[in-house]
Ligand SMILES: Cc1cc2nc3c(=O)[nH]c(=O)nc-3n(C[C@H](O)[C@H](O)[C@H](O)COP(=O)(O)O)c2cc1C
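Residue numbers (full-length UniProt numbering): 1 to 179.
#1: Assign residue 104 to one of three DSSP states: helix, strand, or coil.
#2: Which residues neighbour ligand 1 when neighbourhood means a C-beta less than 7 Å away from any of its non-hydrogen atoms? List them by chain order.
#3: What are the residues that DSSP puts in a beta bridge with residue 56?
#4: Taking one C-beta from the segment 157-175 and one from the segment 86-99 each time, how about it: are there three or more such pairs within less than 8 Å?
#5: Between 164, 101 and 125, which lies nearest to residue 150 when the distance is taken from Cα to Cα?
#6: If we call anything under 8 Å between Cβ atoms a contact, is residue 61 one with residue 37?
#7: Would DSSP call residue 39 helix, strand or coil?
#8: Closest by CA to residue 52, which one among 68, 119 and 21?
#9: Would you mind sorting residue 168 into buried or exposed? The rule is 16 or more other CB atoms within 10 Å of its CB.
#10: Let me know the secondary structure DSSP gives residue 19 once reduced to three states.
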């Protein structure tokens, strides 16, 4: 039995939902999984009790919230001490070719800027949710969508996440412990 840690940054809740789905799949097998919101988590993490770690973050304006980089700065040694994976959630990845690491500039940016260099990476398509976003955020994302032929209707709520693939990713994280 493996004990897996999933850490996430989520602004609107979708990356949190993906993290919980990963944990659900892991614990549906014979494994254990803890899920931590890196902004809310207080206290120390007992890294030694885990057999693998996955850290996920949503893309915001072409990058990541500063708390993600700060967490990786403080904990890069502990992250690297375990079999580890980074998952990146963004809506440009609704296009299959943007889920290939070499083709996704947000993933490249993370690897460039983070003190932790993940051994394994995964790109997951996120959610467009204009009604829940401020007018400013909606406007900015509509521009990104316009440039990439995506939805620009203010009422659009579209979940692009392939939830079966999220389950496969969870299985893959479990496999990392055996590598
Ligand atoms: C303020 C803001 C900026 C965003 N910027 C980008 C972006 O530059 N590129 C992209 O592909 N997706 C972008 N997104 C889409 C998010 O990555 C996507 O909605 C994701 O599912 C959000 O996850 P969360 O609910 O965990 O915050 C942005 C979303 C918001 C709210």
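Each residue gets a CB set at the ideal place from its N, CA and C atoms; glycine is no exception. Nothing here was measured: the structure is a model prediction, and the numbers come from that model.
Per the coordinate set shown:
#1: Here residue 104 refers to the residue found at position 104 when the chain shown is read from its first residue. Residue state, collapsed to three classes: coil.
#2: 10, 11, 12, 13, 14, 15, 16, 58, 59, 60, 61, 62, 89, 90, 91, 92, 93, 106, 126, 127, 128, 129, 133, 137, 140, 141 and 144
#3: Translated into the one-based positions of the chain shown, residue 56 becomes position 56. In DSSP, residue 56 forms a bridge with 8 and 87.
#4: Enough Cβ pairs lie closer than 8 Å, so yes.
#5: Reading the chain shown from its first residue, position 150 is the one you call residue 150. Measuring from the Cα of residue 150, the nearest candidate turns out to be 125.
#6: As a working mapping, residue 61 is identified with position 61 in the chain shown. As a working mapping, residue 37 is identified with position 37 in the chain shown. The answer is no: Cβ separation not under 8 Å.
#7: One-based indexing of the chain shown puts residue 39 at position 39. Reduced to three states, the DSSP call for residue 39 is coil.
#8: As a working mapping, residue 52 is identified with position 52 in the chain shown. Of 68, 119 and 21, the residue nearest in Cα terms is 119.
#9: Locating residue 168 in the chain shown gives position 168, where the first residue counts as 1. By the neighbour-count rule (16 or more Cβ atoms within 10 Å), residue 168 is not buried but exposed.
#10: Along the chain shown, read from residue 1 onward, the residue named residue 19 stands at position 19. Helix, per DSSP.
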